[in-house]
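A quick write-up on the structure given underneath.
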Amino acid sequence: MPSPVAWARLEEDGCLTFAGIRSGKLSVRHKIKFSLTSSDSARFTDLGEAGNQLAEMLHVRDFYPQVQGSLRQKKLSELSDTSVLITQIAGIDPSMAIMLSIKTRSSELQQLNAGRGNQAAARLVERTKHGERWTLYGPALIAKYHSRLEKSTTTMWHEYYASCWDSLQTLCGKFRGLRIHDDLMERFRGIHGTNGHHQPPEPPT
17 MPSPVAWARL EEDGCLTFAG IRSGKLSVRH KIKFSLTSSD SARFTDLGEA GNQLAEMLHV
77 RDFYPQVQGS LRQKKLSELS DTSVLITQIA GIDPSMAIML SIKTRSSELQ QLNAGRGNQA
137 AARLVERTKH GERWTLYGPA LIAKYHSRLE KSTTTMWHEY YASCWDSLQT LCGKFRGLRI
197 HDDLMERFRG IHGTNGHHQP PEPPT
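Counting with my numbering, you get residues 17 to 221 for the letters of the sequence shown.
Right, dumping it as structure tokens:
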């Protein structure tokens, strides 16, 4: 059955593939949610702390599904000096799409991307916010981001959702070179392609 949402993973060649992020062994996770509390004088999101929270909930397999053995099952937080880098996309509201990638000094993870920056992801970075030197290494998850402040408190809830079809269509229309792989396409339309890749079709009805 086609699904209205699915996690997308942006590979280094610009291909958007399906990321099967799970809660436990069987159930698919469509949302990652956590809260952070700030002081009254500084009501802003600490992206470093938010990245640490995401590292508690995401696994190596979410970014590198080809990895085998014990490393595959580890949460990112279980690896030394490892967090999640949160990157805004140029001209795209975070509620539509945002990128999540691994930030690490772990030699185990650095070996997986051979120290190469993700050039496809680099073309999407909102440079006015992050600067020219901002670099994403390895695959990046595409998520929709929402936040809400608890009434009469300084506690902010942060919610990261799997992508919807409109989000992916917007990205592919705005950034040349992005394409959707069959495995992700099937989550929305239940089709099987023949050449491994598709340009975005019309949205499902």
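Ideal Cβ placement from N, Cα and C applies to all residues, glycine included. As the structure is a prediction and not an experimental result, all values here were calculated from the model.
Practice task
From the DSSP output, in three-state form, read off Gly64 for me.
Solution key: Taking the first residue of the sequence shown as position 1, residue 64 is located at position 48. Here Gly64 sits in helix by DSSP.
Exercise for the section: Note down, in chain order, each residue of its chain lying with its Cβ closer than 6 Å to the Cβ of Pro219, except the 5 sequence neighbours on either side. Expected result: Here residue 219 refers to the residue found at position 203 of the sequence shown. Reliability fails at Pro219, whose pLDDT of 42 lies under 50, so the model's placement of it is uncertain and the value that follows must be treated cautiously. The residues are Trp181.
Handout entry: Nearest-angstrom Cα separation, counted from Arg77 out to Leu92
Key = As a first step, residue 92 must be located in the sequence shown, where it is residue number 76. As a first step, residue 77 must be located in the sequence shown, where it is residue number 61. Arg77 has its alpha-carbon roughly 10 Å from the corresponding atom of Leu92.
Handout entry: Short Cβ contact (7 Å threshold) for Phe79 with Gly154
Key = Along the sequence shown, read from residue 1 onward, the residue named residue 79 stands at position 63. Along the sequence shown, read from residue 1 onward, the residue named residue 154 stands at position 138. The answer is yes: Cβ separation under 7 Å.
Problem - Leu140, DSSP secondary structure in three states - result: Numbered from its first residue, the sequence shown carries residue 140 at position 124. Under the three-state reduction of DSSP output, Leu140 falls in the coil class, being neither helix nor strand.
Practice task
Starting from the C-beta of Asp97, find all residues in its chain whose C-beta is less than 8 Å away, skip the five residues before and the five after it, and write them out in chain order.
Solution key: By 1-based counting over the sequence shown, the position of residue 97 is 81. Closer than 8 Å at Cβ, skipping near neighbours: Thr120, Arg121, Ser122.
Problem - Cβ-Cβ distance between Phe34 and Arg203 below 7 Å - result: In the sequence shown, residue 34 corresponds to position 18, counting from 1. In the sequence shown, residue 203 corresponds to position 187, counting from 1. For the 7 Å CB-CB criterion, Phe34 and Arg203 form a contact.
Practice task
Could you tell me whether the Cβ atoms of Leu101 and Ala159 are closer together than 7 Å?
Solution key: Locating residue 101 in the sequence shown gives position 85, counting from the first residue. Locating residue 159 in the sequence shown gives position 143, counting from the first residue. When the beta-carbon positions are compared, Leu101 and Ala159 stay at least 7 Å from each other.
Problem - For Gly193, the three-state DSSP class (helix, strand or coil) - result: Numbered from its first residue, the sequence shown carries residue 193 at position 177. Coil.
Practice task
Count the other C-beta atoms from every protein chain shown that fall within 10 angstroms of the C-beta of Asn211, then say buried if there are 16 or more, exposed otherwise.
Solution key: Translated into the one-based positions of the sequence shown, residue 211 becomes position 195. Confidence is the limiting factor: at Asn211 the pLDDT is only 45, short of 50, which leaves the residue's position unreliable and the question unanswerable from this model.
Exercise for the section: Report the three-state DSSP secondary structure of His162 (helix, strand or coil). Expected result: In the sequence shown, the residue the question calls residue 162 occupies position 146. Three-state result, His162: strand.
Handout entry: Beta-carbon proximity list for Asp89, same chain, < 6 Å, skipping 5 on both sides
Key = As a working mapping, residue 89 is identified with position 73 in the sequence shown. According to the sequence provided, residue 89 is Gln. The question's Asp does not apply to it. Closer than 6 Å at the Cβ level, and outside the excluded window around Gln89, lies no residue.
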